[in-house]
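Trainee: Here this note's numbering is used: the first residue of the sequence shown is 4, the next is one more, and so on.
Quick reminder that beta carbons are idealized off the backbone N, C-alpha and C, glycines included.
Before I ask anything, let me first share the structure, which is written out below as structure tokens.
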Amino acid sequence: MTAYQTKLQGMDGNVRVRMAPSPTGNLHIGTARTALFNWLFARSQGGTFVMRIEDTDKERSIKAYEENILQGLRGLGLDWDEGPDIGGAYGPYRQSERTDIYKQYLQKLLDEDKAYRCFCTKEELEAQEQEMISGGEAPKYRGICRNLQPEQIQNNIAKGKSFIIRVRMPAKKISFHDLIRGKITVDTGLLEDIAIAKSTAEPLYNFAVVVDDFAMNITHVIRGEDHVSNTPKQLIIQELLGFPSPQYAHLPLILGPDKSKLSKRHGTTSVDEYLHDGYLPEALVNFIALLGWHPSGDKELFTLDELALEFSLDRIQKSGAIFNMNKFNWLNNYYIRKKSMAELMPLAVNIYEQASLITAASLPDKAGTTDIYHNVDGTDAFSSEYIEKILAITRERLQKLSELPAATDFFFTMPTYNASLLLWRRMTKEQVALSLQKLHEVFSELDETVWTTQTISAALEPLYGADKGEILWPLRVALSGKQFSPGPFDIAAILGKDRVLKRIAKAQEFIQS
Numbered sequence: 004m005t006a007y008q009t010k011l012q013g014m015d016g017n018v019r020v021r022m023a024p025s026p027t028g029n030l031h032i033g034t035a036r037t038a039l040f041n042w043l044f045a046r047s048q049g050g051t052f053v054m055r056i057e058d059t060d061k062e063r064s065i066k067a068y069e070e071n072i073l074q075g076l077r078g079l080g081l082d083w084d085e086g087p088d089i090g091g092a093y094g095p096y097r098q099s100e101r102t103d104i105y106k107q108y109l110q111k112l113l114d115e116d117k118a119y120r121c122f123c124t125k126e127e128l129e130a131q132e133q134e135m136i137s138g139g140e141a142p143k144y145r146g147i148c149r150n151l152q153p154e155q156i157q158n159n160i161a162k163g164k165s166f167i168i169r170v171r172m173p174a175k176k177i178s179f180h181d182l183i184r185g186k187i188t189v190d191t192g193l194l195e196d197i198a199i200a201k202s203t204a205e206p207l208y209n210f211a212v213v214v215d216d217f218a219m220n221i222t223h224v225i226r227g228e229d230h231v232s233n234t235p236k237q238l239i240i241q242e243l244l245g246f247p248s249p250q251y252a253h254l255p256l257i258l259g260p261d262k263s264k265l266s267k268r269h270g271t272t273s274v275d276e277y278l279h280d281g282y283l284p285e286a287l288v289n290f291i292a293l294l295g296w297h298p299s300g301d302k303e304l305f306t307l308d309e310l311a312l313e314f315s316l317d318r319i320q321k322s323g324a325i326f327n328m329n330k331f332n333w334l335n336n337y338y339i340r341k342k343s344m345a346e347l348m349p350l351a352v353n354i355y356e357q358a359s360l361i362t363a364a365s366l367p368d369k370a371g372t373t374d375i376y377h378n379v380d381g382t383d384a385f386s387s388e389y390i391e392k393i394l395a396i397t398r399e400r401l402q403k404l405s406e407l408p409a410a411t412d413f414f415f416t417m418p419t420y421n422a423s424l425l426l427w428r429r430m431t432k433e434q435v436a437l438s439l440q441k442l443h444e445v446f447s448e449l450d451e452t453v454w455t456t457q458t459i460s461a462a463l464e465p466l467y468g469a470d471k472g473e474i475l476w477p478l479r480v481a482l483s484g485k486q487f488s489p490g491p492f493d494i495a496a497i498l499g500k501d502r503v504l505k506r507i508a509k510a511q512e513f514i515q516s
């Protein structure tokens, strides 16, 4: 039994939290962090994690985005106990499928005169807003339709006038205890009569959320700081409906390096994009867990189970969390190094295939081996062992897997050369050509059956003069075509005798032309 499983023993499991994304875009870093913190709190308390899709915005809600969000969260290792894809006792779990439930509660508020129909047109509301701004007032709805008589309401409905439904916002101070921020007090007299539905069949966000949280027995609402302003509105709706209130915890904003709210102008914000760019799911989870939450000690590396064991709301900070790319890269490098070769191989092969450096062989080779890859033009073949050797000498320096093609493309294609790059310090072209000739002679004589980093290093020892660079630099560039690469002995050992000789000969021909 793990420490996490031991912790769960004896818990009552009454905690119910929900993740309620709107399918109006792909999975965002902020959404992923909110989902993770909800998941961690539920799991740390032995509670229930509910997935609910808030798709009341019919124009912007797209099924493909819902699928992207759910698949993305699963890809990060998160699961849920109830949701639109697995069902549960409190479904349906898409707001678009809960219209009849909302109608019931909207009608209740109308019948009890706690809400009313507002027939003001968009143009009338805009004119009213401009008038208030011109008069130095904060713009808000003035309650023009608040006291319409029943016959006026029926007459407007008979004429086919469109309406929205507003709650009668009481003028009083309302307080709630935020589990992260402490006591928050709001004067609801400063708020307008908020709209809760476009019609009796089209609830708006604040109303639908209140009904769903009540109907699904949600005990804790853990969400972003940008929802703090919605909380008093939702508390009033709960009060008008006679619902108990869940406990609230508002997470700090995720900030860019300039301390403004993280957005696309700071770079990538989509989980998909980070994963496509070669960041590992476990690194992403570990990183976003530390965006605003602090463990009890100095430890920074956590599995999901370890996070669930350690997690508590009282260690979430109030101030914004800086998205530190250097920290993310450091974590990702750690998880790349930690992966077994069996885990790393399919990821690397996929990256190489996307970069058009290799393609999987469609037929077995002569020995019947199927784990053979070809370069794109089919002039060379590479075994899985060959690729594993490349990963073994490069993984320590990788910050993300997408760096592999640029760092190691020369293992799969003949490099192109730059004459000035082949020159070591003050060497002339003639001296470089002579060094390459000596290298070709030594490698030609070296037995391929003992072709290792060590034997290659030993074989080149007699060539060194006062400056080893006169031999090793032309060799490095001849084999890789790059200024920065793994060591030339490692490269030569992986390439094999035939490829090494061809590259040295090509570099020699190039420098002499």
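Which value, in whole angstroms, describes the spacing of the CA atoms of Ser322 and Pro255?
Mentor: By 1-based counting over the sequence shown, the position of residue 322 is 319. By 1-based counting over the sequence shown, the position of residue 255 is 252. About 6 Å.
Trainee: Tell me, to the nearest whole angstrom, how far the beta carbon of Thr272 is from that of Ser266; I am working on the premise that it is less than 8 Å.
Mentor: Here the question's residue 272 lines up with position 269 in the sequence shown. Here the question's residue 266 lines up with position 263 in the sequence shown. With 8 Å as the limit, Thr272 and Ser266 qualify as a contact, their Cβ atoms being about 7 Å apart.
Trainee: Have a look at Leu366 and Val379 and give me their C-alpha separation to the nearest angstrom.
Mentor: One-based indexing of the sequence shown puts residue 366 at position 363. One-based indexing of the sequence shown puts residue 379 at position 376. Here Leu366 scores only 49 on pLDDT, less than 50, and its place in the model is too uncertain to base an answer on.
Trainee: Suppose the cutoff is 8 Å on Cβ atoms and the five residues either side in sequence are ignored; what does the same chain contact list for Val435 look like?
Mentor: As a first step, residue 435 is located in the sequence shown; it is residue number 432 there, counting from the start. Only Leu425, Leu426, Trp427, Pro477 and Ile514 meet the Cβ criterion.
Trainee: Leaving out five residues before and five after Leu449 in sequence, what residues of the same chain have Cβ atoms less than 6 Å from its Cβ?
Mentor: Within the sequence shown, numbered from 1, the residue matching residue 449 stands at position 446. Taken in chain order, the residues that qualify are Ala462.
Trainee: How is Leu366 classed by DSSP in three states: helix, strand or coil?
Mentor: Taking the first residue of the sequence shown as 1, we reach residue 366 at position 363. Residue confidence for Leu366 is low, a pLDDT of 49 falling below 50, so the modelled location carries little weight; the figure read from the coordinates is stated next. Of the three classes helix, strand and coil, the one that applies to Leu366 here is coil, per DSSP.
Trainee: Since Leu394 and Ala351 are thought to touch, with beta carbons under 8 Å apart, how far apart are those beta carbons, to the nearest angstrom?
Mentor: Mapped onto the sequence shown, residue 394 falls at position 391. Mapped onto the sequence shown, residue 351 falls at position 348. 6 Å between Cβ atoms; contact.
Trainee: According to DSSP, Arg169 sits in a beta bridge with which residue or residues?
Mentor: Here the question's residue 169 lines up with position 166 in the sequence shown. Answer is Tyr119 and Ala198.
Trainee: For a test of the three-state rule: what should DSSP assign to Leu316, helix, strand or coil?
Mentor: Along the sequence shown, one-based indexing puts residue 316 at 313. It is helical.
Trainee: With a threshold of 7 Å on Cβ separation, who are the neighbours of Gln131 within its own chain once the five nearest residues in sequence on each side are excluded?
Mentor: Counting from 1 along the sequence shown, the entry for residue 131 is found at position 128. Hits under 7 Å: Arg145.
Trainee: Kindly indicate which residue of Asn289, Gly499 and Phe166 has the alpha-carbon position closest to the one of Glu303.
Mentor: Start at 1 with the first residue of the sequence shown, and residue 303 comes out as number 300. Measuring from the Cα of Glu303, the nearest candidate turns out to be Asn289.
Trainee: Please go through the same chain and pick out, in chain order, the residues whose beta-carbon is closer than 6 Å to the beta-carbon of Glu69, but skip the five residues on each side of it.
Mentor: Counting from one through the sequence shown, the residue named residue 69 turns up at place 66. Cβ neighbours of Glu69 beyond the five flanking positions: Pro26 and Ile56.
Trainee: Measuring straight from C-alpha to C-alpha, what distance separates Ala311 and Thr397?
Mentor: Stepping through the sequence shown from its first residue, residue 311 is reached at position 308. Stepping through the sequence shown from its first residue, residue 397 is reached at position 394. Distance between the alpha carbons of Ala311 and Thr397: 33 Å.
Trainee: Please tell me whether Leu194 and Leu112 are closer than 8 Å, where the distance is taken between their beta carbons.
Mentor: Residue mapping note: residue 194 aligns to position 191 of the sequence shown, counting from 1. Residue mapping note: residue 112 aligns to position 109 of the sequence shown, counting from 1. Cβ atoms of Leu194 and Leu112: not closer than 8 Å.
Trainee: Taking the beta carbon of Pro173 as the centre, do at least 16 other beta carbons fall within 10 Å, making it buried, or is it exposed?
Mentor: In the sequence shown, the residue the question calls residue 173 occupies position 170. So Pro173 counts as exposed.
Trainee: Please say whether Val214 and Ile104 have beta carbons closer to each other than 8 Å?
Mentor: The residue given as residue 104 occupies position 101 in the sequence shown. The residue given as residue 214 occupies position 211 in the sequence shown. Yes, they are a contact pair.
Trainee: Could you give the residue range of the beta strand (DSSP E) that holds Lys176?
Mentor: By one-based count along the sequence shown, residue 176 stands at place 173. Lys176 to Asp181 is the span of the beta strand (DSSP E), which, as asked, contains Lys176.
Trainee: Just curious, the alpha helix (DSSP H) that Met328 is in, first and last residue?
Mentor: Reading the sequence shown from its first residue, position 325 is the one you call residue 328. Taken as a continuous stretch (DSSP letters only), the alpha helix (DSSP H) holding Met328 covers Met328 to Lys341.
Trainee: When the Cα of Leu439 is compared with those of Ile65, Phe414, Glu473 and Ile361, which residue comes out closest?
Mentor: Along the sequence shown, read from residue 1 onward, the residue named residue 439 stands at position 436. Leu439 has its Cα closest to that of Glu473, out of Ile65, Phe414, Glu473 and Ile361.
Trainee: Can you tell me which residues form a DSSP beta bridge with Val224?
Mentor: The count along the sequence shown starts at 1 and reaches residue 224 at position 221. Partner(s): Tyr251.
Trainee: Express the C-alpha separation of Tyr355 and Met348 in angstroms, rounding to a whole number.
Mentor: Residue numbering aside, residue 348 sits at position 345 when the sequence shown is read from its first letter. Residue numbering aside, residue 355 sits at position 352 when the sequence shown is read from its first letter. When rounded, the distance between both Cα atoms is 10 Å.
Trainee: Decide if Glu285 is buried, meaning its Cβ has at least 16 other Cβ atoms within 10 Å, or exposed.
Mentor: Taking the sequence shown and counting its residues from 1, the one referred to as residue 285 is at position 282. Glu285 is buried by the Cβ-count criterion.
Trainee: On a Cα-Cα basis, can you pick out the residue from Phe413, Glu444 and Glu388 that is closest to Ala508?
Mentor: As a first step, residue 508 is located in the sequence shown; it is residue number 505 there, counting from the start. Closest option to Ala508, Cα to Cα, is Glu444.
Trainee: For His377, list the residues DSSP reports as bridge partners.
Mentor: Position 374 of the sequence shown, counted from the start, is the residue given in the question as residue 377. Looking at the DSSP assignment, His377 forms a beta bridge with Thr362 and Ala384.
Trainee: Quick one: measure Cβ to Cβ for Pro206 and Leu287, integer angstroms, because I've assumed they're closer than 8 Å.
Mentor: Within the sequence shown, residue 206 is the residue found at index 203, counting from 1. Within the sequence shown, residue 287 is the residue found at index 284, counting from 1. That belief does not hold up - the Cβ atoms of Pro206 and Leu287 are roughly 34 Å apart, past 8 Å.
Trainee: Is the Cβ-Cβ distance between Phe314 and Leu43 less than 8 Å?
Mentor: What you label residue 314 is simply residue 311 of the sequence shown in a count that begins at 1. What you label residue 43 is simply residue 40 of the sequence shown in a count that begins at 1. The answer is yes: Cβ separation under 8 Å.
Trainee: Determine the extent of the beta strand (DSSP E) in which Asp190 is found, giving its start and end residues.
Mentor: The sequence position of residue 190 within the sequence shown is 187, counting from 1. Taken as a continuous stretch (DSSP letters only), the beta strand (DSSP E) holding Asp190 covers Gly185 to Asp190.
Trainee: Hey, which unbroken runs of the beta strand (DSSP E) at 3 residues or more fall wholly within the stretch 73 to 127?
Mentor: Taking only runs of at least 3 residues, the beta strand (DSSP E) segments lying wholly in the stretch 73 to 127 are 118 to 121.
Trainee: Taking 8 Å as the threshold, find out whether the stretch 82 to 89 comes into contact with the stretch 116 to 133 through three or more Cβ pairs.
Mentor: In short, these stretches do not touch, since the Cβ pair count stays below three.
Trainee: Quick one, which of Glu391, Ile361, Glu399 and Ala510 has its alpha-carbon nearest Thr382's?
Mentor: Counting from one through the sequence shown, the residue named residue 382 turns up at place 379. Residue Ile361 is the option with its Cα nearest to Thr382.
Trainee: In its own chain, which residues sit with a C-beta less than 7 Å from the C-beta of Gln402, not counting the 5 before and 5 after it?
Mentor: One-based indexing of the sequence shown puts residue 402 at position 399. Counting only Cβ-Cβ distances below 7 Å, and skipping sequence neighbours, we find Asn332, Asn335 and Asn336.
Trainee: Residue range of the alpha helix (DSSP H) that Val53 falls in?
Mentor: Stepping through the sequence shown from its first residue, residue 53 is reached at position 50. Note, Val53: premise wrong, no alpha helix (DSSP H); beta strand (DSSP E) at Thr51 to Met54.
Trainee: Sorted by chain position, which residues of the same chain lie with C-beta nearer than 7 Å to Ala45's C-beta, five sequence neighbours on each side aside?
Mentor: Your numbering for residue 45 matches position 42 in the sequence shown. The answer, listed in chain order, is Val18, Val20, Thr51 and Phe52.
Trainee: The alpha helix (DSSP H) that contains Arg46, what's its start and end?
Mentor: As a first step, residue 46 must be located in the sequence shown, where it is residue number 43. Counting along the chain, the alpha helix (DSSP H) containing Arg46 begins and ends at Ile32 to Ser47.
Trainee: Mind checking which residues open and close the alpha helix (DSSP H) that includes Met22?
Mentor: For the purposes of this step, residue 22 is identified with residue 19 of the sequence shown, where counting begins at 1. Taken as a continuous stretch (DSSP letters only), Met22 belongs to no alpha helix (DSSP H), being part of the beta strand (DSSP E) at Arg19 to Met22.
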